[in-house]
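Step one of this worksheet: look at the structure below.
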Amino acid sequence: MNDLNDLSTQRAGFVAFVGAPNAGKSTAINYMVGTKVSIVSPKVQTTRTRVLGIMMKDHSQIIFVDTPGIFAPKRRLDRAMVAAAWGGAADADFIVVLVDAKRGICKETRNIIDTLKDQKRKAILILNKIDLVEKGALLELAHTLNEEEIFTDTFMVSAKKGDGLDHFVDFIAGKLPQGPWLFPEDQVSDMPERLLAAEITREQLYLKLRQELPYSTTVETETWEEKQDGSIKIEQVVYVARDGQKKIILGKGGQQIKAIGANARRELEEIMDCRVHLFLFVKVRDKWGDDPERFSYWGLDYNA
Ligand SMILES: Nc1nc2c(ncn2[C@@H]2O[C@H](COP(=O)(O)OP(=O)(O)OP(=O)(O)O)[C@@H](O)[C@H]2O)c(=O)[nH]1
Ligand SMILES: [Mg+2]
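Our numbering puts the first residue of the sequence shown at 173, with every later residue one more than the last.
The following block contains the structure:
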């Protein structure tokens, strides 16, 4: 029998990444898993729900839990996102607090540390974006954070460049509880393709639209049809809150939505490894942020 398939040597466990919005949680998990399981943008609050990214390391199956950034919620959607983040952490074997080293200890990170203290939980500290800070400042930040006495270990990484993450993977792989793998070896995520496809389009909205507009949008895949020639036809709806927003997203002569669709299609073709025909429809639904159906689409708790 292949040694790796010997159940008695297998390890598996959940490693939740929490942190302030924009700290680089999704970037780090995508890098370690080796493919995009969670979308990334320069804007805060990109990740909206809990996403699993799964990787194999020798005998260990590491199941990363990407979570929405934790911040002071204002809207119903914000509350559901923050609840999803803490929910993701609650059941995990390990909690990793990811801190943007450039930004330092912001009020969101402060709140996370205080909450973990209240819960009497220990965590692993990852200082990210070390490509942007001087070594002296980095060491000082590590020192200050370690005075909180909730961190068992500290890693310094650049998720964007991939520096330091291999070291972390080696470390965590050896720490996971012994037990049989929980997912097939080749599975990288728990997100259904239809949802991932919607996320890829939402990522383009975050990258292309200015300021607050992305926060007024959500995307859902309506139809998914595998054609005889091996291509896939996907129809998606982009929900916006107001008519003026629809105009901006469409752009002059439909140029903007065309560019968004073209980028999303290219990315989907790469992920699916086949031709994709992507059709985007923009619909105004002023109250989508208070519509239970939109929440259940993402597995978010409407009443959080
Ligand atoms: N310079 C630098 N930029 C980084 C690094 N890691 C992530 N970023 C950038 O930081 C931004 C946010 O990254 P995300 O991975 O979306 O951050 P997140 O923590 O998942 O954010 P939310 O989902 O909003 O909570 C993106 O523009 C990334 O390219 C890093 O190590 N160095
Ligand atoms: Mg994210």
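Just so it is clear, CB atoms sit at the ideal spot from N, CA and C, and this is done for glycine as well.
Measure the alpha-carbon distance for Glu384 versus Arg457 and round it to whole angstroms. Going by the C-alpha atoms only, they are around 17 Å apart.
Can you tell which of Thr316, Ala413 and Ile211 has the C-alpha that lies nearest to the C-alpha of Thr389? Ala413
By Cβ distance, which residues of its chain are closer than 6 Å to Lys197, with the 5 residues on each side in sequence left out? Apart from sequence neighbours up to five positions away, the residues of its chain that approach Lys197 with a beta-carbon distance below 6 Å are Phe189, Gly191, Asp238 and Leu270, ordered along the chain.
Answer with buried or exposed for Asn451, where buried requires no fewer than 16 other C-beta atoms within 10 angstroms of its C-beta. Inspection of the sequence shows that residue 451 is occupied by Phe rather than by Asn. When all chains shown are included, Phe451 counts as exposed.
Simplified DSSP state of Phe355, which is helix, strand or coil: coil
When you compare the CB of Gly346 with every CB in chain B, is at least one pair closer than 8 Å? This model lacks chain B altogether, as it is built from one protein chain only.
Just mark Asp462 as buried or exposed, buried being the case when its beta carbon has 16 or more other beta carbons within 10 Å. exposed
Inspect the beta-carbon positions of Gln376 and Ala331 and report whether they are closer than 8 Å. No. Outside cutoff.
Would you grab the beta carbon distance between Gly225 and Val360 for me? Rounded to a whole angstrom, and I think it's under 8 Å. The beta-carbon distance between Gly225 and Val360, rounded to whole angstroms, is 7 Å. This is short enough to meet the 8 Å contact definition.
Cβ of Pro193 versus every heavy atom of ligand 1: is any distance shorter than 7 Å? yes
Assuming Leu299 and Ala273 make a contact with CB atoms under 8 Å, what is their CB distance in whole Å? With 8 Å as the limit, Leu299 and Ala273 qualify as a contact, their Cβ atoms being about 4 Å apart.
So if DSSP puts Gln350 in a beta bridge, which residue, or which two residues, is it bridged to? Arg183
Does the beta-carbon of Thr218, which I'm using as the reference point, lie nearer than 7 Å to any heavy atom of ligand 1? yes
For a minimum of 3 consecutive residues, which ranges assigned as the beta strand (DSSP E) are wholly contained in the region 212–257? 223–229 and 232–238
For Gln427, count the other beta carbons within 10 Å of its own beta carbon; 16 or more makes it buried, fewer makes it exposed. Which is it? exposed
Taking the beta carbon of Phe266 as the centre, do at least 16 other beta carbons fall within 10 Å, making it buried, or is it exposed? buried
Straight-line Cα distance separating Phe340 from Ile296: So the alpha carbons of these two residues sit roughly 10 Å apart.
Excluding the five sequence neighbours on either side, which residues of its own chain have a C-beta within less than 7 Å of the C-beta of Pro464, listed in chain order? Tyr474, listed in sequence order.
Any heavy atom of ligand 1 inside 7 Å of the beta-carbon of Thr390? no
Exposed or buried, which one is Ala431 when buried takes at least 16 other CB atoms within 10 Å? exposed
Gly241 classed as buried or exposed, judged by whether at least 16 other C-beta atoms fall within 10 angstroms: buried
For Thr316, which residues from the same chain have a beta carbon less than 8 Å from its beta carbon, with the 5 sequence-adjacent residues on both sides left out? For Thr316, where only same-chain residues beyond five positions count, the Cβ hits under 8 Å are Ile277.
Under the assumption that Leu304 contacts Ala369 (Cβ atoms under 8 Å), give the Cβ distance between them as a whole number of angstroms. Not a contact, Cβ separation roughly 32 Å.
Val209 lies in the beta strand (DSSP E); which residues open and close that run? Run containing Val209: none; DSSP gives neither H nor E here.
If you follow the alpha helix (DSSP H) that Asn475 is part of, which residue opens it and which one closes it? Careful: Asn475 lies outside any alpha helix (DSSP H) and carries neither H nor E.
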